[in-house]
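Each residue of the sequence shown is one higher than the last, beginning at 846 in my numbering.
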Amino acid sequence: MQLINESDNGPVCPICLSPNYKILYKITINMGIEHLGINPESEQGAKLKSIIRKLWEGDVSDFVQCMSCSFVYADPFIAGT
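What follows is the structure in C-alpha cells.
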C-alpha cells in the first residue's frame, strides 16, 4: 500500500475532505467489465469501455482509503462509487 498526500492533484475524501490517502488496489477497465460477466473484447464490452473511459478519464481506477476517517472510495469518485 502506498501512502500519498497529493492535495494538489490527487483525490480528496468525499466524507471529510482530507487529501491524505493510501491506495489499496487498482482496477482496469477490462477488470471492471469482466466483473460484470461481460467479455471486454465483445461488441458490448467495447461499448462499455468507451463509456467507462469517458467517466474515469483514463483506463484505471484506484480504490483508496482516507487516512483521516478510514473511508474507502474509488478514484475517480463517480456516481457514488
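For every residue, glycine included, the Cβ atom is placed at its ideal position computed from N, Cα and C.
So for L869, helix, strand or coil by DSSP? If you number the sequence shown from 1, residue 869 lands on position 24. L869: strand per DSSP, three-state reduction.
Checking the sheet assignment: what are the DSSP bridge partners for F908? In the sequence shown, the residue the question calls residue 908 occupies position 63. BP columns for F908 point to Y870, A919.
Among M912, F916, D904, which has the Cα closest to the Cα of K871? What you label residue 871 is simply residue 26 of the sequence shown in a count that begins at 1. That would be D904, whose Cα lies nearest to the Cα of K871.
Mind checking which residues open and close the alpha helix (DSSP H) that includes I896? As a first step, residue 896 must be located in the sequence shown, where it is residue number 51. From DSSP, the alpha helix (DSSP H) with I896 extends over 888–901.
Quick one: measure Cβ to Cβ for F908 and L881, integer angstroms, because I've assumed they're closer than 8 Å. Locating residue 908 in the sequence shown gives position 63, where the first residue counts as 1. Locating residue 881 in the sequence shown gives position 36, where the first residue counts as 1. Incorrect: roughly 17 Å between the Cβ atoms, too far for contact.
Find the nearest neighbour of R927 within the set S863, Q910, C914, M876, judged by alpha-carbon distance. Only positions 846 to 926 of the chain appear in the structure, and residue 927 is not among them; the question remains open.
Classify S906: buried if its beta carbon has 16 or more other beta carbons within 10 angstroms, exposed otherwise. For the purposes of this step, residue 906 is identified with residue 61 of the sequence shown, where counting begins at 1. That one is buried.
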